[in-house]
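Asker: Numbering (the UniProt record's numbering), first residue to last: 1 to 133.
1) With DSSP run on the structure shown, which of helix, strand or coil describes residue 80?
2) Inspect the beta-carbon positions of residue 110 and residue 85 and report whether they are closer than 9 Å.
3) Based on the DSSP output, what are the partners of residue 6 in its beta bridges?
4) Starting from residue 139 and walking both ways along the alpha helix (DSSP H), at which residues does that stretch end?
5) Can you tell me which of the three DSSP states residue 65 falls into?
6) Please state the DSSP three-state secondary structure of residue 25.
7) Quick one: is residue 64 buried, meaning 16 or more other Cβ sit within 10 Å of its Cβ, or exposed?
8) Find the nearest neighbour of residue 119 within the set 101, 9 and 3, judged by alpha-carbon distance.
In structure tokens:
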């Protein structure tokens with residue numbers, strides 16, 4: 001499983017999400033951003049003092065990859081045969097699945113997308129996803 005964080009505005013939120021997904025056993029996080037919030041490479045991220053402090057060192061044990069836009073991340077996930085699901089409370093016109101009513105074990109590769117702190121998930125991510133939760 002991979003957690004995808006789309007267009008985050010704040011490095012504190014990135015560190016917190018990495019800490020939480022790591023605690024849940026998710027070892028990979030993809031960050032979709034065109035902002036310069038993080039160092040360019042995972043190796044540099046692992047030694048970034050501020051990110052280490054915010055993530056309570058989870059950044060050292062979690063693989064993080066940065067994508068410049070949603071489409072390039074989706075293309076990578078699709079090429080690797082991942083099923084993308086979007087987390088969003090209200091998306092009119094799309095099929096929504098109640099979180100606890102779905103069997104996630106049937107997917108060998110699952111990417112769970114989380115939207116921006118202020119505006120939520122993007123339309124391109126919604127349009128290319130398999131499910132909404």
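Heads up, the beta-carbon is just placed ideally off N, CA and C, and yes, glycines get one too.
Answerer: Reading off the structure:
1) coil
2) yes
3) Its beta-bridge partners are 32.
4) The structure shown has nothing for residue 139, since the chain only spans 1 to 133.
5) Correct three-state label for residue 65: strand.
6) coil
7) For residue 64, the number of other beta carbons within 10 angstroms of its own is at least 16, and it is reported as buried.
8) With distances taken between Cα atoms, residue 119 lies closest to 9.
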